[in-house]
């Protein structure tokens, strides 16, 4: 049995550009996928995150990369003049090979076209200093890595809230329209 979409959820609303005008359409043909980029070197963590997001909303398109350099490449930041890939959300592991998560966040937030994209940091071993630095650099949130799908489900409402705040700021400044 196919799960019923949660039409009143913020994550569902973020998939619809009609909701700003007050007319939320429930027609699947008008729904755009929420693009989420995950930078995580653990395939089991990628599985948990991807499964949690797509379980909640099947229209999520999750792309995963396994290191910080691959994250910048996926965004188009590796080649000057290249068109940028602008996702709706970026989830970044703090400790990744090749480029530390906070370094990647700093590069992303310096790029005007990506500065408004919410970035959520995740880690199993973050210090208070790491969390403060992530906030200073513009991270929208910092979560402990989920050990299970049930753990990740606990973060869904926070992720929805971050997406709604981001979407309303873009609507207010007429960015991304």
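Numbering (the numbering used here), first residue to last: 2 to 178.
Don't be surprised by glycine CBs; every beta carbon is placed ideally from N, CA and C.
Secondary structure of residue i, DSSP reduced to three states
| i | result |
| --- | --- |
| residue 64 | strand |
| residue 165 | helix |
| residue 33 | coil |
Selection from the options that minimises the alpha carbon distance to residue i
| i | options | result |
| --- | --- | --- |
| residue 73 | 56, 96, 38, 152 | 38 |
| residue 36 | 45, 43, 59 | 59 |
| residue 167 | 146, 141, 156 | 141 |
| residue 109 | 126, 138, 128 | 138 |
| residue 48 | 135, 148, 144, 102 | 148 |
| residue 104 | 131, 86, 126 | 131 |
| residue 63 | 45, 84, 90, 43 | 90 |
Per-residue burial, residue i [other beta carbons within 10 Å of its own, 16 or more giving buried]
| i | result |
| --- | --- |
| residue 69 | buried |
| residue 150 | exposed |
| residue 28 | Low confidence applies here, because residue 28 scores a pLDDT of 32, under 50, leaving its location unreliable; read the following figure in that light. The residue in question, residue 28, is exposed, as its Cβ has fewer than 16 Cβ neighbours within 10 Å. |
| residue 78 | buried |
| residue 146 | buried |
Beta strand (DSSP E) segment containing residue i, residue limits
| i | result |
| --- | --- |
| residue 110 | Residue 110 -> not in any beta strand (DSSP E); alpha helix (DSSP H) instead, spanning 102-111. |
| residue 94 | 90-94 |
| residue 51 | Counting along the chain, residue 51 falls outside any beta strand (DSSP E), though it belongs to the alpha helix (DSSP H) covering 44-57. |
| residue 38 | 36-40 |
| residue 145 | 142-145 |
| residue 124 | 120-124 |
Endpoints, the alpha helix (DSSP H) within which residue i is located
| i | result |
| --- | --- |
| residue 71 | 69-76 |
| residue 130 | 129-138 |
| residue 152 | 150-154 |
Residue-level contact to chain D via CB, residue i, 9 Å cutoff
| i | result |
| --- | --- |
| residue 151 | In summary, chain D is missing from the structure at hand, where a single protein chain is found. |
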